[in-house]
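Numbering (my numbering), first residue to last: 7 to 947.
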C-alpha cells in the first residue's frame, strides 16, 4: 500500500495558537498511547496533510491492510457544543477536502477523514449525520455543505462518506486521561516517574509537530522508506522503544539510557580547560585483528584477515561466547569497551532483533562475588554519574534483557588481578558460564599480554583479537579529533603541525599508542611551541606536572582557592597546613602508589592523613579535615572515584608514580629492579612464563625520564644474550612501550637484535625456539626479523623433529614461521604459505594446513592450491581434507577430485572405508553417483 509520506501535501496548513497547539499535541499523544499499549496503531505522523495522521492495522479493512486516518484537531475558543455551522466555520472540512482531492487518485489508499473537536457535539441532526459519515444523505444538507466548500455536490457526497467527527474531552480531561493510560500501562511506576514519562512523550510529539524528531533509530537499521522530512514528523515503535522499555522494565530502561550517555566520559585523565572532551567526540576506532594461539609462540599471529574495524565492535565481539582482546598499556582497551557498551545500547534500542547488551565490569570486581551481584555493583558505580535513577539490582542481570537476547559482559583489566591463581579461576568461571545451554552471558575479556599459562585456561578455540595501534595514516585523523574535541582552532591545520612535530622529535612510533597520543595532544595543545618528550617516562613526567599545575591554579575553580575558602575559618595554621599538603601532594600520591594502596575511600583518606604533610591541624574538626583530604584526592587529576573509594585513572599512572617514589631511594630502586628482573634473567629457551604484566612497571623504573638514580644498562645488557629469548623479549617490549627511544639505549637494542639473530640462525637450537627468536628479532628490527622468518620457512631441516613424530600440523615450525611472517608482511607471508603448499619435503597435513591459511587470509591462490593437493600424491586423509575444504568454494572441482581420489584407491581393500567416506562427500555435494559408488563398494565391485 502507498505511504502518504511519499505524496506531496497541500501547502495550506494554516496556523495555530499556542493553546490549540498544546491541545493538538495531547490529541496526537492519545494515538501514541494506543501504539504503546499494543493496539492497532502502527505509527503516528504529525503535520503532514493534516494535524495528525494515524496509520492503523485494521481487521475491518478487507485483507487487513493499513487504514490511514487523517485527523483535523479543533480546540474551542468559547464554551458551547459543536453545530454543523461551527464545524464549517472552523475550516476543518475544507482542509480535509483538500486532502481528499490529493489522495483520491491513489486507488491503493484506504483512508478516513476525521475531525476531532474539543467538547460535545450538539444534538442537531445535521452535525450528528456528518459525524457518522452520512453528511450527504439529504439534499438540503449536502447542498449547504457543498456551497460552503465551493465544491460540486457529487464530489462533496463522495467526500462526506469518508468523514467522521469525534468528540474529544476538554484539554484538562484529555491530559488527565493520557496520564491515566500511563498509570494503567505501568502500575509499578511512581507518580513522579509517570509525570516525567508523560512530559518526555509530550516533548517528542511536539518535536514531531515541528518536524524535528530525530530519525536516528531507523537510519541505524534500515534504509529510509519515506523522505527524512516525513520521518522527522513520524512517531514509530522504534523511536519509542526506550519509552516502551520504561513502561515494562524501568530498571533496564534506566540502565540502557545511562549506558548511552556513558560514552561522554573519557577513561583517560582530565586536564586542560575547560576539561576533557567526551570520549564520543574524540574516539578513533582502532583495527582489530583476529589472532590465533600457536603452540609455544610468544605472540599471536594472524589466522585470517582482519574481520573489520572496531566501529562495529559491539556486533563483532559478541559473536563468540568468550573472546579475548589484547593490547599493551594504554592500547585503547578501556576506550574500546566503553564504546562497545554505548554502541550496543544504541543498537539494542534500534533493532527489532536485539543482540547482546553490553555491561562493563573491572576484572577485580568479579573476585569473590557472584556474577550478577558484581555486575549490578559495577554498573551502578560506573553509571551513577550519568543520571542513573536507581541502584541496579542483581535481578536485572539474572534475567535476559529481552527474549532471545543476552548480556555481553565486558571484563576490563584481567591483568590488574595480580594473583595468577585468581586470574585463572576467574577465566574458568567465565568459561563455565558460557558453556551453559543457551547461556545468559557472553564475555569479552580485555587484558594486557599475559603468560600463555594464564590465557590457555580458555583453550585454543576461544577467539583472540589484537587491538592494533594507530597506523601512520590514522595519526592525523586521531590528532584532529582529539584537538578538535578540546576546541583547538583550525584543528586540521593544528593536527598537521602536530604530526610534523612527532616526526621531528622521532616519537611517531611512540604516538601510535592511543593513551600516549592523548597525552601528547594534551601537552601540545597546552603549549604548541614546546618540544615533545623523548621517552615514555619523560612524557608522564610532563603530563603529571601539567596536571598538578592545572590543579594548583589560582583561579576561583583552582584547588588552592577552594582550600583557602574551606580552611581560612580555622585559622592560619590550618591554612598553612593545607598549602603544604598541596605542595607535597605529588610526592604523597607517589608514596601511596608505591604501596599499591587500594580499597575504600576511608583507607585512602586515612593513609593520606598518616602522611606528615597531611597531619590534621588541631583547630580543624576530624570530619572536616577528612572531607578536605578526600576533595584533594578527587582534584589531583590522577585519581577517580571507584565505588566508595579511589583508584588511579589508568594503571600506567600508578606504575609511573610508584616508580618515581622508589627512584628517590637508590638502594630501594636497585633492590626493586633486581627483584623484577630476576624472572627475565632465566636463560629459558622460550618466553613461556615470562611475567609480561611487570614489563610496563619495569619500563618506568629504567626510564631516564623517571629520574632513575642508577644506570640499569648493565642489568639489561646481561639479558641480551642468544640463550635468553625471554630477556630479549623484555627489551623488545620496552622498545615498543617507548622506554628505550633515547639515543643512549640504542646499543642495548642493537645487542638484543644481534642476540636474537644469532639464536634464530643457530642450527643446533630447538626449532621452535629459533622461530620464537625470529619473532622477538622482528620486534627489535622489523627488516631483520622478516628476513629471519623467511629463512626459517624455507629451512627444510627445521621440521625434522616434527616429521619424526607428526601430530597436529599447527605444530610445524615452518608453518609457525610463515604465520608469524603474515603478521609482519602479509604478502611475504602469503608467498611463504604458497611455497609450503608445493614443498614435497613437507609433511602432507602441513601442506594442506598451509593452503587453509591461504584460504583464511583471502589469497586467490587458495582454491588452486587445495585442488592441487586433492590430486597430489599425498596421504588419502589429507587429499580428502583438501577436497572437503574446496567443496564450498568450487563444487565442480571438488566433485572431480573426489572421483579421482576414489579411483586411485578403489582397488585396495585397505582403503575401502575411506573410499566410502569420499563417496559420501560426493553425495553431500549433490552428485547422484556418490550413492551408487557406496553401493558398489559395499558389495565389493
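Built from N, CA and C at the ideal position, the CB exists for glycine as well.
Along the chain, where does the beta strand (DSSP E) containing residue i start, and where does it finish?
i	result
residue 76	72-80
residue 417	413-418
residue 51	47-54
residue 364	363-368
residue 172	169-174
Which residue or residues does DSSP assign as beta-bridge partners of residue i?
i	result
residue 880	In the DSSP output, where bridge partners are listed per residue, residue 880 has none listed.
residue 296	471
residue 991	A query on residue 991 cannot be resolved here, the shown segment of the chain reaching from 7 to 947 and no further.
residue 329	450
residue 59	51 and 76
residue 240	51
residue 646	653
Would you mind sorting residue i into buried or exposed? The rule is 16 or more other CB atoms within 10 Å of its CB.
i	result
residue 732	buried
residue 781	buried
residue 235	exposed
residue 459	exposed
residue 909	exposed
residue 360	buried
residue 678	buried
residue 528	buried
residue 447	buried
residue 494	buried
residue 455	buried
residue 184	buried
residue 730	buried
residue 189	exposed
residue 391	exposed
residue 37	buried
residue 292	buried
residue 894	exposed
residue 788	exposed
Do residue i and residue j have their C-beta atoms closer together than 8 Å?
i	j	result
residue 285	residue 344	yes
residue 9	residue 232	yes
residue 50	residue 28	no
residue 398	residue 257	yes
residue 794	residue 766	yes
residue 849	residue 805	yes
residue 394	residue 264	yes
residue 445	residue 412	yes
residue 420	residue 328	no
residue 484	residue 432	no
residue 90	residue 122	no
residue 955	residue 611	Lying before the first or after the last residue shown, residue 955 is absent from the chain, which here runs from 7 to 947.
residue 860	residue 878	no
residue 124	residue 81	yes
residue 417	residue 468	no
residue 515	residue 290	no
Which first and last residues belong to the alpha helix (DSSP H) in which residue i is found?
i	result
residue 426	426-440
residue 220	Looking at the DSSP string, residue 220 is not in any alpha helix (DSSP H), and its letter there is neither H nor E.
residue 514	514-517
residue 901	897-911
residue 822	819-830
residue 353	339-356
residue 755	752-767
residue 953	The question about residue 953 has no answer here: the residues shown for the chain are numbered 7 through 947.
residue 245	No alpha helix (DSSP H) holds residue 245; DSSP gives it neither H nor E.
Review point. For the 8 Å Cβ check, are there 3 or more pairs between the stretch 585-605 and the stretch 665-685?
Key: Three or more Cβ pairs drawn from the stretch 585-605 and the stretch 665-685 lie within less than 8 Å of each other, which places the two stretches in contact.
Check your understanding: Is it a yes or a no for the stretch 735-755 touching the stretch 494-509, going by three-plus beta-carbon pairs under 8 Å?
Key -> Contact between the stretch 735-755 and the stretch 494-509 is absent, because fewer than three Cβ pairs lie under 8 Å.
Point to revise | Segment contact flag, the stretch 165-182 with the stretch 97-109, C-beta cutoff 8 Å, min 3 pairs | key: Judged by Cβ distances under 8 Å, the stretch 165-182 makes contact with the stretch 97-109, as three or more pairs qualify.
Exercise for review: Specify whether the stretch 909-925 and the stretch 937-944 touch according to this definition: at least 3 beta carbon pairs, one from each stretch, less than 8 Å apart.
Suggested key: Result yes; three or more Cβ-Cβ pairs closer than 8 Å.
Check your understanding: If we count Cβ pairs, one from each stretch, closer than 8 Å, do we get three or more for the stretch 789-803 versus the stretch 813-824?
Key -> Yes, the stretch 789-803 is in contact with the stretch 813-824.
Practice item. Decide yes or no for the touch test of the stretch 50-61 against the stretch 208-216: beta carbon pairs closer than 8 Å, at least 3 of them. Key: By the C-beta criterion, the stretch 50-61 is judged to be in contact with the stretch 208-216, since at least 3 inter-stretch pairs fall below 8 Å.
Review point. Touch check for the stretch 511-522 and the stretch 627-637: three-plus C-beta pairs under 8 Å?
Key: Contact between the stretch 511-522 and the stretch 627-637 is absent, because fewer than three Cβ pairs lie under 8 Å.
Review point. Would you call the stretch 536-550 and the stretch 565-580 touching, i.e. three or more CB-CB distances under 8 Å?
Key: No, the stretch 536-550 does not touch the stretch 565-580.
Review point. Touch check for the stretch 143-152 and the stretch 110-121: three-plus C-beta pairs under 8 Å?
Key: The answer is no - the stretch 110-121 does not touch the stretch 143-152, with fewer than three Cβ pairs under 8 Å.
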